[in-house]
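Notes follow the structure.
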Amino acid sequence: MLDWLADIYLWSKSLHVIAIITWMAGLFYLPRLFVYHAERVEIGSETDEMFKTMERLLLRAIMHPSLIVSWVFGIALVFTPGIIDWSLVWPWAKGISVILMTWFHWWLMKRRDDFAAGTNTLPGRRYRMMNEFPTVLMLIIVFAVIVKF
Numbered sequence: 627m628l629d630w631l632a633d634i635y636l637w638s639k640s641l642h643v644i645a646i647i648t649w650m651a652g653l654f655y656l657p658r659l660f661v662y663h664a665e666r667v668e669i670g671s672e673t674d675e676m677f678k679t680m681e682r683l684l685l686r687a688i689m690h691p692s693l694i695v696s697w698v699f700g701i702a703l704v705f706t707p708g709i710i711d712w713s714l715v716w717p718w719a720k721g722i723s724v725i726l727m728t729w730f731h732w733w734l735m736k737r738r739d740d741f742a743a744g745t746n747t748l749p750g751r752r753y754r755m756m757n758e759f760p761t762v763l764m765l766i767i768v769f770a771v772i773v774k775f
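Numbering (the working numbering), first residue to last: 627 to 775.
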């Protein structure tokens, strides 16, 4: 029934990897923008408006589409016959990490809303610390998928 997914497996995998690369770029860059926005920008200034525009476009033009494409082709890979052995730990580790990465994306959206409204209360240090979160998840995902523990 899902054999057609096997026929497009390499295309699905390629598009999944491309989408992940662009999504991860945004997940790394947006918190860094927040660091500078929180630490060096006066609310209501021209620079504040520039940062708001950059943050909005990064989310809407790159991160949101990449998240959707990552999930669509990731789910296609999950349902491709013969690809995943659910008796192993790696697919579960990857799945949990992807859910956490999606939560992080949502968290960044909410912080962008705070900046857009001029109500951000988090210091740059918090954004610096949160910037490490996708790195840890990326390491778990890559080792899980490649090593297949």
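Backbone N, C-alpha and C fix where the C-beta goes; we use that ideal spot for every residue, glycine too.
The structure presented is a predicted model; accordingly, all values stated were derived computationally and were not measured.
Exercise. For residue 628, which residues of its own chain have a beta-carbon under 8 Å away from its beta-carbon, when the five flanking residues on both sides are left out?
Worked result: 705, 706 and 707
For this session: Evaluate contact between the stretch 643-659 and the stretch 668-685, counting only Cβ atoms and requiring at least three cross-stretch pairs below 8 Å.
Result: yes
Exercise. Is residue 700 helix, strand or coil by DSSP?
Worked result: helix
Exercise. Among residues of its own chain, excluding the 5 on either side of residue 652, which ones have a beta-carbon nearer than 6 Å to its beta-carbon?
Worked result: 684, 688 and 689
Exercise. DSSP three-state call for residue 709: helix, strand or coil?
Worked result: coil
Exercise. With a cut-off of 8 Å, do at least 3 Cβ pairs link the stretch 750-769 to the stretch 668-681?
Worked result: no
For this session: Can you have a look at residue 749 and say buried or exposed, based on whether 16 or more other CB atoms are within 10 angstroms of its CB?
Result: exposed
Problem set entry | Residue burial classification, residue 662 (beta-carbon count within 10 angstroms, cutoff 16) | exposed
For this session: Please report how far the alpha carbon of residue 696 lies from the alpha carbon of residue 645, in whole angstroms.
Result: 5 Å
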